[in-house]
Every structure is written in structure tokens, then in C-alpha cells.
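Here's the structure, in C-alpha cells; my notes come after.
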Amino acid sequence: LGMKLLRKRDIPEERYTNAFLGYGPEDSHFVVELTYNYGVESYDIGSGFGHFGIAVEDVEKTVELIKAKGGTVTREPGPVKGGKSVIAFIEDPDGYKFELIERGPTPEPLCQVMLRVGDLDRAIKFYEKAFGMELLRRKDNPQYKYTIAMMGYGPEDKNAVLELTYNYGVKEYDKGNAYAQIAIGTDDVYKTAEVVRQNGGQITREPGPLPGISTKITACTDPAIWICAGS
Numbered sequence: 001l002g003m004k005l006l007r008k009r010d011i012p013e014e015r016y017t018n019a020f021l022g023y024g025p026e027d028s029h030f031v032v033e034l035t036y037n038y039g040v041e042s043y044d045i046g047s048g049f050g051h052f053g054i055a056v057e058d059v060e061k062t063v064e065l066i067k068a069k070g071g072t073v074t075r076e077p078g079p080v081k082g083g084k085s086v087i088a089f090i091e092d093p094d095g096y097k098f099e100l101i102e103r104g105p106t107p108e109p110l111c112q113v114m115l116r117v118g119d120l121d122r123a124i125k126f127y128e129k130a131f132g133m134e135l136l137r138r139k140d141n142p143q144y145k146y147t148i149a150m151m152g153y154g155p156e157d158k159n160a161v162l163e164l165t166y167n168y169g170v171k172e173y174d175k176g177n178a179y180a181q182i183a184i185g186t187d188d189v190y191k192t193a194e195v196v197r198q199n200g201g202q203i204t205r206e207p208g209p210l211p212g213i214s215t216k217i218t219a220c221t222d223p224a225i226w227i228c229a230g231s
């Protein structure tokens, strides 16, 4: 997928190793954090986590490259259901799904995270009020019985966005044990934690500095019990 290894660290006293990958520096790009817990060989991804989205200029060419390298293609290139965008789906060796989205050049190729939610209006309100995201667009697809809402801090073609998906009649999902969190930068973790509480989120780590370093974080769950972290 052309990502770069930005940094890797081993924490033997806590029995894990993690690696950060992306298309640019962590302070200005959305990145993926991969975590290996010593001795754990597999995880349950569950049914709630959807996929990561990656913008590419030629979906067919990218799919052929992935096939040549032994990758798994779960949806061949073609228009999205109910739309015109050309997409494809692939899986990494651990079963995580990636949507390839055909677009022109973009400063943020790692452009999307999709989560499934049981109450779309509640989820939209939470991310607007608690994290200051904008509702960039909302689209209902009654033919295929789902509605999506794209949330973020700027246009989809230039920024990473959160895609919230509501499937008609489905109120709950199995979260599994593989997903950890989405990290969101904030100017004041203490203020963010208070706003999260006011809007129905639950604080799972009180705001404060990480041991040994000056970085301050807080962690919370949204009303759908997806975990978010502010730093």
C-alpha cells in the first residue's frame, strides 16, 4: 500500500511492540498504529469495525499490484453501490479490510475509518459536540438499506474522515477485541474530557500526562462504545 514505517518501539516490561505507519509525519498526517502483544497470535475483529479507506489514483492498477504480491482482494474494482466512485476492497494478513478509493492526488491518502453504529443521529451529534467535527455529508441508500455520515475537520479529498454507517434495523454490533482506539488531537484534554461527559461519552482514562513524558491524554468511549483518545 506504499506506507512508510514512521517509528517502531518495543516495551518489554509491558509485553508489547507497536509500529506507526502512514504517508507522512505523525504531527500532520493520519497514521495507523499496529500493536503486537507478546504471545497473542490472533484477534476477533468483530462486526462493528468496518474498514480503513485509502485514496489511490488508479484502483485497477493498485489491485493488480496487490494480487501480484499475494494480497487478498475481496471486491474487484467497480462503482460503489448507489454511487459512481470507483472502489475495491482488500484484506491484510490479519483480516483488516481496506477500501481503495479512486481519486486524484491528495495530501492524505490514508483518508477514512469506517465504524458501524446503531443510532446515527446520536453518533453525529456526539462527534460534532464532543470533538468539534463537521458533518461533511450524509447519504441514505434505501435500496441497500443503509445510511452513511462522513465526519471530519475539512474536505474529504484533503483530510482523513470518520465514516459512520447505520444499517437499517441493526442497533448493536460485536466490537471484538482487535480494535483499540481512534486518536484525536486536542488543545486541552481536560476541557475535552468534560465536553465528552456532557455529551454522553464515558471517560475511561482521566486526563493527565503519560508516565515519564509530558504528553497529556484522556480516553473515552462514545455512546456506541467505540473508544476515542485525545492528546
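Under UniProt numbering, the sequence shown has 204 at position 204, and the numbering climbs by one with no breaks. A virtual CB, placed ideally from N, CA and C, is assigned to each residue, including glycine. Quick caveat: nothing in here was measured; it's all calculated off a predicted structure.
Option nearest residue i by Cα separation, candidates the options
i: G104; options: V86, R116 and P93; result: V86
i: F126; options: C220, L21 and G2; result: C220
i: Q198; options: D222, D187 and T215; result: D222
i: Y96; options: A130, G53 and D121; result: G53
i: K61; options: L100, Y23, K4 and P107; result: L100
i: A224; options: F89, A19 and D174; result: D174
i: F89; options: P107, K67 and T186; result: K67
i: I184; options: V32, G39 and G212; result: V32
i: E57; options: G2, K216, R205 and I203; result: G2
i: E108; options: P211, L21 and W226; result: L21
i: D94; options: T35, T186, D10 and E172; result: T35
i: G82; options: K69, I148 and V40; result: I148
i: T106; options: E128, M133 and A55; result: A55
Cutoff 6 Å; reference residue i; Cβ partners in own chain excluding five residues on either side
i: V80; result: I87
i: P145; result: Going by the sequence as given, residue 145 is Lys instead of Pro. Excluding positions up to five away in sequence, the list reads Y168.
i: P207; result: V189, Y190, A193 and T218
i: E102; result: V59 and V86
i: E91; result: T72, T74 and K97
i: D10; result: T17
i: E14; result: none
Own chain partners of residue i with C-beta closer than 7 Å, once the 5 adjacent residues on each side are dropped
i: A130; result: V195, V196, N199 and G201
i: V161; result: C111, Q112, L136, M150, M151 and G152
i: D44; result: G176, N177 and A178
i: P142; result: none
i: E172; result: G118
i: G70; result: none
Assumed close pair residue i, residue j - CB separation to whole angstroms, cut-off 8 Å
i: L164; j: A123; result: 5 Å
i: Y16; j: N37; result: 5 Å
i: Y166; j: L120; result: 4 Å
i: A19; j: K4; result: No, A19 and K4 are not in contact; Cβ-Cβ is about 11 Å, not under 8 Å.
i: V63; j: G118; result: About 32 Å; that fails the 8 Å criterion.
Cutoff 8 Å; reference residue i; Cβ partners in own chain excluding five residues on either side
i: T204; result: A219, C220, T221 and I227
i: M133; result: Y127, M151, G152, Y153 and L162
i: D187; result: none
i: G39; result: R15
Quiz item: Would you call the region 23-40 and the region 75-83 touching, i.e. three or more CB-CB distances under 8 Å?
Solution: no
Does the region 41-49 come close enough to the region 164-184 to have 3 or more Cβ pairs within less than 8 Å?
-> yes
* **Segments assigned beta strand (DSSP E), at least 3 residues, entirely inside the UniProt domain "VOC" (109-231)** => 110-116, 134-141, 146-152, 161-167, 182-184, 202-209, 216-221 and 227-230
Complete runs of the alpha helix (DSSP H) confined to the region 48-112 [at least 4 residues]
59-68
### Query
Should the region 151-158 be called in touch with the region 131-142, which here means at least 3 C-beta pairs below 8 Å?
yes
Which runs of the beta strand (DSSP E) fall wholly inside the region 14-40 and span at least 3 residues, in chain order? 16-22 and 31-37
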